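Working notes for the structure below.
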Amino acid sequence: MEHVENDITEIHLDLEAIQASAANLMNVLEKLEEQIDQVSVDYEKQQFELWKEEQERALMDEIANRRQLLCEKEAKLKQQYEEYDSIQQKKRVELYEANFNAELEDYRRRRETEVSSLYSHQSNVTTDSVTATLDQVKLQETAEDLDQFLGDTAEQTTSTSDKPLKTKKTKKEKTKAKVIPQSVYSSSDEGDNKVEILADEDYEDL
């Protein structure tokens, strides 16, 4: 009986030891769980930081690539603009030259027309002057022929009449011979040469 009681006491002691060990194990497990949780949190934080850094690097690379593409596109657009501006400047210069040449040609034509008109006018004036001069010369020759004809007629009349009448007519002829016809002078545009023309009253005296 005593032996059984001793065994029971030992069993109780063992149970108490086991309970104490279980309690210690639970404490250890709790601490281990806390540590695991902390490690897990730290790991997640670390992974998040790594992911964040990776995303930042990728973003920076993307920004750098975009900037490079933007610079290349800007340089290309600048080159295209310079080429376009150069072409437009050449076109403007060609247009200005064409307008200038057209205006110059129009001015030359107008000047040639004016000069031709001036020469034509001068030629017409010269022709008219020459024609008028020829008419005046012909008129003068006709007047001289008429004077000569009238003079011859007067001489014939004097020779067929008697002496007193002849003397009287001779005086009249002398009077007519003394009459100086009024001269009309015409000057042409080409020079100062003058041609004498008899007026109408001179023909009446004759």
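Counting from 1, one number per residue, gives the positions in the sequence shown under UniProt numbering.
Glycine residues also receive a C-beta, built at the ideal position from the N, C-alpha and C atoms.
Just so you know, these numbers come straight off a predicted model, no measurement behind them.
Rounded to whole angstroms, what is the Cα-Cα separation between Asn99 and Tyr107?
12 Å
Cutoff 7 Å; reference Met26; Cβ partners in own chain excluding five residues on either side:
none
Separation of Leu104 from Thr113, as counted between CA atoms
14 Å
Excluding the five sequence neighbours on either side, which residues of its own chain have a C-beta within less than 6 Å of the C-beta of Glu94, listed in chain order?
none
Should Gln68 be counted as a contact of the ligand FMN given a C-beta to heavy atom distance under 8 Å?
Although the ligand FMN was asked about, the structure shown includes no ligands whatsoever.
Quick check: what's the CA-CA separation for Gln55 versus Lys76?
31 Å
Give the straight-line distance between the Cα atoms of Asp61 and Glu83, rounded to the nearest whole angstrom.
33 Å
Between the C-alpha atoms of Ala18 and Ser40, what's the straight-line distance to the nearest angstrom?
Before going further, note that residue 18 is Ile rather than Ala in the sequence given. When rounded, the distance between both Cα atoms is 31 Å.
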